[in-house]
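Participant:
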Amino acid sequence: MANTESKSSLIVPGDATASCWSCGTMRATHFCSACGKVQPPVPVDYFSFFGFPRKLNLDAALLEKEFYALSRRLHPDVFVQSATQERSWSLEQSSLLNDAYRTLKDPIKRTEYLLRLEGVELEEQSKQATEKARATGELKKQVVPPDLLEEVFELNMHLEELRAQKKMGEDDPALLEEIGKAKLSLEEKNGALFSELKSEWKEWDAAVDSGSEDERKTIRDKMLDVVNRRNYIRNLLRDVNEAIES
Amino acid sequence: MSYSDKVLDHYSNPRNVGSMDKSSSDVGTGLVGAPECGDVMKLQIKVNPETNIIEDAKFKTFGCGSAIASSSLATEWVKGKTIDEALEIKNTEIVKELALPPVKIHCSVLAEDAIRAAIGDWKKKQEASKPAVMQAK
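Chains as they are written, first to last, in numbering that gives the first Met the number 0: chain A, 0 to 245; chain B, 0 to 136.
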């Protein structure tokens, strides 16, 4: 599980209780609560950056409000007259703020970010499963369920046909209708998966408060499964739209 | 990012594209996908049940150039090998042969998965047909 490369892009919770560099009182994350000076960025995750718990049901209006308030205060323009160090801290904090906001605002990015925080290596799943299968001699458990793969493959065949026909200047209404139907079914699936994800959020948030580590891990893996399937559908929808519009 | 010459060669001139009869008892089918990129790969092998040698292999991949090249190479490599020899093929060998960059390693993983899945499917068919043979005796 340990992989420093993928972890390095994450900001891990660290010691945010150090004192203010300027006046020595206990400092807050962004500004000193006593003297108001900007603070150097501390290694925290995006949730902590906004002072939120590591939960997935997030108050979007509150996030936006906090973001704009912090943006104004941290903006490098405000520090034009300040010392070099403070100027560079404001810049670093601002860029952290933007990354954190963009990540948390988007429901899927937020979920994927949390999964990473919880030790999932999204980009490594397939490789890890292959290595495990190789070591045990068992057949690898596919990350994407077989019936979905079949559907993806079939639809890709239709899309290829459509592209070929368009190239020849031909038009097959039956094929277009078939693809149109598939598109609708994909959009439905996409919506259903998002609802499923949202109900997992609820479970996760409850488990953050009172669940065991095992419970959290189970919910984490369920969310991962939904995210994986959804990525597949998303890519497919993109391809369908491209093929129809081209 | 630029593709290596070998990837380009397989991509523009893929070997063994096509399909075989999925229901045939000597054909094994592996259908695999990578959630990282949404690629999907189908690899089929035709095995001689006497010798366990893979006599033919076909693939069809929807994905990037590296995924297509990886599966094209995989079909080339498994042909003429026994089932056990084919199971020895590792994704790292595909990476080396095609000079795949780190971001494209999952394409080679997919190709290894496809080989294993196809062989697994074929083995399952062989086992399923065994009791019938016993009964016939």
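Beta carbons are placed, not taken as given, at the ideal position from N, Cα and C, and that holds for glycine. Being a predicted model, the structure only gives us computed values, none of them experimental.
For the segment 111–128 of chain A, which residues have a beta carbon sitting closer than 8 Å to at least one beta carbon of chain D?
Facilitator: Structure shown: chain D not included; protein chains present are A and B.
Participant: How about Phe58 of chain B: is its C-beta nearer than 7 Å to some C-beta of chain A?
Facilitator: Chain A contact via Cβ: absent.
Participant: Compare the beta carbon distance of Lys45 of chain B and Asp55 of chain B with 7 Å and say whether it is the shorter of the two.
Facilitator: For Lys45 of chain B and Asp55 of chain B, yes; Cβs fall inside 7 Å.
Participant: For the segment 2–17 of chain B against the segment 64–78 of chain B, do three or more pairs of beta-carbon atoms, one drawn from each stretch, fall closer than 8 Å, so that the two count as touching?
Facilitator: Touching, per the Cβ criterion.
Participant: Quick one: what's got a C-beta closer than 6 Å to Arg219 of chain A's C-beta in the same chain, skipping five residues either side?
Facilitator: Counting only Cβ-Cβ distances below 6 Å, and skipping sequence neighbours, we find Glu117.
Participant: Expressed to the nearest angstrom, what Euclidean distance is found between the alpha-carbon atoms of Leu113 of chain A and Gly29 of chain B?
Facilitator: Those two C-alpha atoms are separated by around 33 Å.
Participant: Measure the alpha-carbon distance for His157 of chain A versus Ser70 of chain A and round it to whole angstroms.
Facilitator: Cα to Cα, His157 of chain A sits roughly 48 Å from Ser70 of chain A.
Participant: Please compile the residues from chain B whose C-beta is within a distance smaller than 7 Å of the C-beta of Leu161 of chain A.
Facilitator: Within chain B, no residue comes near Leu161 of chain A; the closest Cβ sits about 13 Å away, beyond 7 Å.
Participant: Using the beta-carbon of each residue, which ones in chain B are nearer than 9 Å to Glu195 of chain A?
Facilitator: What Glu195 of chain A touches in chain B: nothing, since even the nearest Cβ is about 16 Å away.
Participant: Which term fits Thr129 of chain A, buried or exposed, when burial requires 16 or more other beta carbons within 10 angstroms of its beta carbon?
Facilitator: The residue in question, Thr129 of chain A, is buried, as its Cβ has 16 or more Cβ neighbours within 10 Å.
Participant: Could you work out which residues of chain B lie near Leu192 of chain A, taking near to mean beta carbons separated by less than 7 Å?
Facilitator: Chain B residues near Leu192 of chain A: none, gap ~13 Å exceeds 7 Å.
Participant: Could you give the DSSP three-state label for Val11 of chain A: helix, strand or coil?
Facilitator: The predicted model places Val11 of chain A with a pLDDT of 38, which falls under 50 and marks its position as unreliable; any figure quoted below should be read in that light. Coil.
Participant: Quick one: what does DSSP say Phe30 of chain A is sitting in, helix, strand or coil?
Facilitator: In this structure, Phe30 of chain A counts as strand in the three-state DSSP scheme.
Participant: For the segment 164–179 of chain A and the segment 76–91 of chain A, state whether three or more C-beta atom pairs, one from each stretch, are separated by less than 8 Å.
Facilitator: The segment 164–179 of chain A vs the segment 76–91 of chain A: no contact.
Participant: Below 8 Å on C-beta distance, what does Val239 of chain A contact in chain B?
Facilitator: Here the premise fails: no neighbours, minimum Cβ distance about 12 Å.
Participant: Give a yes or no on whether 7 Å exceeds the smallest Cβ distance from Val225 of chain A to chain B.
Facilitator: No, its Cβ sits nowhere closer than 7 Å to a Cβ of chain B.
Participant: For Leu148 of chain A, go through chain B and note every residue whose CB falls closer than 8 Å to its CB, in chain order.
Facilitator: Here the neighbours are Leu30, Val31, Gly32 and Val39.
Participant: With DSSP run on the structure shown, which of helix, strand or coil describes Ser18 of chain A?
Facilitator: Ser18 of chain A: strand per DSSP, three-state reduction.
Participant: Per DSSP, Gln43 of chain B is paired with what?
Facilitator: According to DSSP, which records beta bridges pairwise, Gln43 of chain B is partnered with B:Thr28 and B:Lys57.
Participant: Would you say Val108 of chain B reaches chain A, if we count a Cβ-Cβ gap shorter than 7 Å as a contact?
Facilitator: Closer than 7 Å: yes.
Participant: Our contact map puts Phe48 of chain A next to Ala99 of chain A with C-beta atoms below 8 Å; I'd like the distance itself, whole angstroms only.
Facilitator: That pair is a contact at about 5 Å.
Participant: In chain order, what residues of the segment 111–124 of chain B put their CB closer than 8 Å to some CB of chain A?
Facilitator: Residues passing the 8 Å Cβ filter: Glu111, Asp112, Arg115, Ala116 and Gly119.
Participant: From this set, B:Ala113, B:Ser1, B:Gly27 and B:Gly79, which residue's C-alpha is nearest Met40 of chain B's C-alpha?
Facilitator: Among B:Ala113, B:Ser1, B:Gly27 and B:Gly79, the Cα nearest to that of Met40 of chain B is on B:Ala113.
Participant: Under 8 Å between beta-carbons, which chain B residues line up against Pro145 of chain A? List them in chain order, please.
Facilitator: The contacting residues are Leu30.
Participant: Given Asp14 of chain A, which residues of its chain have a CB within under 6 Å of its CB, disregarding the five upstream and five downstream residues?
Facilitator: With a pLDDT of 45 at Asp14 of chain A, under the threshold of 50, the modelled position of that residue is not reliable, and the figure given next carries that caveat. Excluding positions up to five away in sequence, the list is empty.
Participant: Using C-beta distances below 8 Å, list every residue in its chain close to Arg101 of chain A, excluding the 5 sequence neighbours before and after it, in chain order.
Facilitator: Excluding residues within five positions, the ones whose Cβ falls inside 8 Å are Lys108.
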